[in-house]
Amino acid sequence: MTVATGTTAGNRTAGGAVGTAHTRLEGRAKVTGAARYAGEVPFAELAHGQLVVSTVARGRITAVETDAVLAMPGVLDVLHHGNAPRLNGDYAGMLGKADPLLQVFQHERVPHVGWPVALVLAETPEQAREAADALVVRYATDPHDVAFSETHPAAYGSDAETGGTAETEQALASSAVVVDARYTTPEEHHHPMEPHAAMARWDGGRLEVVDTNQGSTFVADELAKLFSLDAESVRVRSEHVGGAFGAKATRPHVVLAAMAATVLNRPVRVVLTRRQLFSLVGYRSPTVQRVRLGADADGRLRALDHQAYCATSSFREFIERSADFGRVMYGPDAYRAQNHVVPLDVPTPSFMRAPGEAPGSFALECAVDELAEKCGIDPIELRSRNEPEAGVVSGLPFSSRNLLACFEEGARRFGWAERDPRPGVRREGRWLLGTGTAAARFPSGVAPSTAAVTAEADGTFTVRITAADVGTGARTALALVAADALEVATERVRIRIADSDFGPAMVAGGSMGTRSWAWAVIEAVQALREKLALGGTVPPQGLTARADTGASIGALSQKERHSFGAQFAEVAVDVSTGEVRVRRMLGMFAAGKIVNPLTARSQFLGGMIWGLSMALHEEAVRDGATGGHVGADLAGYHIAAHADIPQLEAGWVDDVDEDDPVGIKGIGEIGIVGSAAAVANAVWHATGVRHRDLPIRPDRVL
Ligand code: MOS
1 MTVATGTTAG NRTAGGAVGT AHTRLEGRAK VTGAARYAGE VPFAELAHGQ
51 LVVSTVARGR ITAVETDAVL AMPGVLDVLH HGNAPRLNGD YAGMLGKADP
101 LLQVFQHERV PHVGWPVALV LAETPEQARE AADALVVRYA TDPHDVAFSE
151 THPAAYGSDA ETGGTAETEQ ALASSAVVVD ARYTTPEEHH HPMEPHAAMA
201 RWDGGRLEVV DTNQGSTFVA DELAKLFSLD AESVRVRSEH VGGAFGAKAT
251 RPHVVLAAMA ATVLNRPVRV VLTRRQLFSL VGYRSPTVQR VRLGADADGR
301 LRALDHQAYC ATSSFREFIE RSADFGRVMY GPDAYRAQNH VVPLDVPTPS
351 FMRAPGEAPG SFALECAVDE LAEKCGIDPI ELRSRNEPEA GVVSGLPFSS
401 RNLLACFEEG ARRFGWAERD PRPGVRREGR WLLGTGTAAA RFPSGVAPST
451 AAVTAEADGT FTVRITAADV GTGARTALAL VAADALEVAT ERVRIRIADS
501 DFGPAMVAGG SMGTRSWAWA VIEAVQALRE KLALGGTVPP QGLTARADTG
551 ASIGALSQKE RHSFGAQFAE VAVDVSTGEV RVRRMLGMFA AGKIVNPLTA
601 RSQFLGGMIW GLSMALHEEA VRDGATGGHV GADLAGYHIA AHADIPQLEA
651 GWVDDVDEDD PVGIKGIGEI GIVGSAAAVA NAVWHATGVR HRDLPIRPDR
701 VL
């Protein structure tokens, strides 16, 4: 066979698949149940592990009473700190030094409610669960502290503050208009439909793992380090993933499965319960944010000060970087921002969709709306008067910045021009009506990845890359990218993903997955074209070319690279009950080349729905007495249901990253950014009252 050579070496691909709607390649398998998730793949001789977690918030384990449980039907073993194999804790993982949460059963200390204390192994999941429920663990408790506040004595500035204090205070003092407001967001959780599950077994001297995660090479690497194995001795696969959102990094379930498989010398599966997800897979810290804006009477910003506080655990620092949101949004004369952290006896927070930007945009974009009100200027006009030439902190130019184009097109589609700016004046029966808007931004990044492309003897092509499709349609997006690069129909491209044996690749995270993987696929196709142009003929077993994008990504110029967006919302507020109903939302985005409009739209809408849910519903309540959650399940943790979701629309303006081979910027997270602020600003417009504490519950509205 021959492959056309030629036009893909430059910027942009040539075929035309990219940019056209395509249903998910695995869609049929998913809806028919043929697609197997990590907890469903059958294995012979499979044993089941049920995790037991601490019921106390701080202290140490004094006894694990295993005798009674070991006598129960089907029980094989109980692992705990007194008998578990030792793990290596001295290594650098994806986020620096080893995560103490992954050091399961290595000591008797308990740093928070829901800490792993024992794993009951049995022949069936039911037997494991019954025995786990029966296991008695005794503790010596210490006083705990789970009360988050910005005045907590342990609060510390997590990093050097950006910008000058004196300069900012001076600019604020000489501003004609000042907004000084305190915003709060509660603890929030990301719960994928598919809970965390992993199967591990030893197979011919290799540890083989079937997991649900966002990046199989990273999980494989971490397991190799934890168990002191050669990197080649671990294989992790994660073919179908039922949602991730940052929750599916390397989490304790996979370490437990590997540990148990080693001890029992047979395959073991561990599936976390919904309740266990509340303490073992990360979450979004609560935040308190003080935003001060100073402006001239015409709305020109003189000062922007954003001080954000979040919580972390007593044993690992994770910072919800809310204060960073304003770094490239506006061009104040003086800018100051800092993130502060309060260590508490709580689980370690982690990445949750748009970490930092989601709560940070709520505070800053509400404050900007308040400033517009005080100045008597339309909030879109106020933003346009404060467009920066360059990043406020970095001074770097933007790769492209189409924020105002998003506002213009969004305002047109939403009907913003007809808006009466006065709050609290539109009434429809018992409903007060209002509209609001907010800006969105999320960084556009790319990370080195490897990929291989094989020209098969039958004229098809197989792409192999350790990408993860966490439900976003990444597999399909890569097929479109590969088809264009190869200049063949999408049907001739086969995409194999999520197998650590394919080599290192970026995780599905940071809105960087598709961009990073597409780049590697394009370079692998280029390498294949070169092989074929050099006279390579396709042997029966196929001809393969590989690429590693480390060099080309390392050569990228320094710029402020971001996706931008404009969010719009219309709400109705029931004056008799305080209930807020969102009537419609529109998000317009400038987020680089859109690879698959069908799944991209879903991705944007998913983020916007989450923002609505954040604005009105979500709130994990921690009980001070026990240190645990009140209602740690999807009944107690209130999320937006279908009935809460109105007419939603997402669109995009032309935007490409000129330095990216496809023009991609990344769309994973920006949908949620600014959406809660748009809803909150609409609630103000409806009622005339500012709601600065999320969620905007009926009792707060009344
Ligand atoms: Mo995400 S919070 O980029 O996994």
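Each residue of the sequence shown is one higher than the one before, counting from 1 in full-length UniProt numbering.
Just so you know, even glycine gets a beta-carbon here, dropped at the ideal spot from N, CA and C.
In this text the structure is predicted, and so the values were computed from the model without any measurement.
Start and end residues, alpha helix (DSSP H) containing residue i
i: GLU222; result: 216–226
i: ASN681; result: 675–687
i: MET259; result: 252–264
i: ARG275; result: 274–280
i: ARG700; result: 698–701
i: ARG475; result: 474–486
Pairwise C-alpha distance: residue j and residue i
i: LEU382; j: VAL288; result: 25 Å
i: residue 706; j: ALA467; result: A question about residue 706 goes unanswered here, because the residues of the chain that appear run from 1 up to 702.
i: HIS306; j: VAL291; result: 5 Å
i: SER228; j: THR437; result: 52 Å
i: MET614; j: ALA635; result: 16 Å
i: VAL110; j: GLY59; result: 5 Å
i: residue 709; j: PRO85; result: Here the chain has residues from 1 to 702 only, and residue 709 is not among them.
i: VAL425; j: TRP684; result: 11 Å
i: ASP298; j: CYS375; result: 7 Å
i: HIS81; j: ARG138; result: 13 Å
i: ARG401; j: ILE667; result: 15 Å
i: ALA17; j: GLY243; result: 26 Å
i: ALA417; j: ILE377; result: 13 Å
i: VAL446; j: ALA474; result: 15 Å
i: ASP180; j: PHE351; result: 28 Å
i: ARG494; j: TRP517; result: 15 Å
i: ALA29; j: GLY663; result: 30 Å
i: THR8; j: ARG515; result: Below a pLDDT of 50, predicted positions are generally treated as unreliable, and THR8, at 35, falls in that range; the measurement from the model is reported next regardless. One C-alpha to the other measures close to 16 Å.
i: ALA57; j: PRO116; result: 12 Å
i: THR312; j: ALA92; result: 20 Å
i: HIS22; j: GLY326; result: 36 Å
i: ALA354; j: ALA440; result: 11 Å
i: GLU222; j: THR250; result: 7 Å
i: ASP623; j: LEU101; result: 22 Å
i: GLY294; j: GLU357; result: 22 Å
i: LEU172; j: ARG302; result: 7 Å
i: LEU403; j: ALA600; result: 18 Å
Residue i CB to nearest heavy atom of the ligand MOS below 8 Å
i: ARG441; result: no
i: ARG269; result: no
i: SER563; result: no
i: GLU579; result: no
i: VAL525; result: no
i: ALA508; result: yes
i: PHE148; result: no
i: PHE245; result: yes
i: GLN214; result: yes
i: SER444; result: no
i: ARG353; result: yes
i: residue 703; result: Only positions 1 to 702 of the chain appear in the structure, and residue 703 is not among them; the question remains open.
i: SER511; result: yes
Contact set for residue i: own chain, Cβ-Cβ below 6 Å, skip 5 residues either direction
i: LEU605; result: LEU648 and ALA650
i: ALA132; result: GLN50, VAL52 and VAL120
i: VAL3; result: Reliability fails at VAL3, whose pLDDT of 38 lies under 50, so the model's placement of it is uncertain and no value is given.
i: ASP499; result: ARG237
First and last residue of the uninterrupted beta strand (DSSP E) at residue i
i: PHE442; result: 431–443
i: residue 710; result: Residue 710 lies beyond the range of the chain shown here (1 to 702); nothing can be said about it.
i: GLY651; result: 647–652
i: GLU658; result: That residue, GLU658, is in no beta strand (DSSP E); it is neither H nor E in DSSP.
i: ALA44; result: First-last for ALA44: undefined, no H or E at that position.
i: ASP369; result: ASP369 -> not in any beta strand (DSSP E); alpha helix (DSSP H) instead, spanning 357–375.
i: THR184; result: 177–185
Other residues of its chain near residue i: CB distance less than 8 Å, five sequence neighbours each side excluded
i: ILE609; result: ALA640, ILE645 and LEU648
i: GLY631; result: VAL621 and TYR637
beta-carbon residue i near the ligand NAD non-hydrogen atom, thresh 8 Å
i: GLU669; result: The ligand NAD is not part of the structure shown, which contains the ligand MOS as its ligands.
Close Cβ partners of residue i (< 7 Å) along its chain, the five nearest in sequence each way excluded
i: VAL580; result: VAL571, VAL573, LEU616, VAL683, ILE696 and VAL701
Run through the region 109–172 for me and flag every whole alpha helix (DSSP H) of 4 or more residues, listed as ranges in chain order. 125–134
At which residue ranges does the region 564–633 contain complete beta strand (DSSP E) runs of 3 or more residues, listed in the order of the chain? 580–590
Threshold first: 3 residues or longer. Then list the beta strand (DSSP E) segments lying entirely within the region 379–467, N to C. 431–443, 450–455 and 461–465
Please give the ranges of any alpha helix (DSSP H) in the region 530–557, keeping only runs that are unbroken, at least 4 residues long and fully inside the region. 550–554
Could you give the uninterrupted runs of the beta strand (DSSP E) lying entirely in the region 24–81, keeping only those of 3 residues or more? 47–53, 59–65 and 75–80
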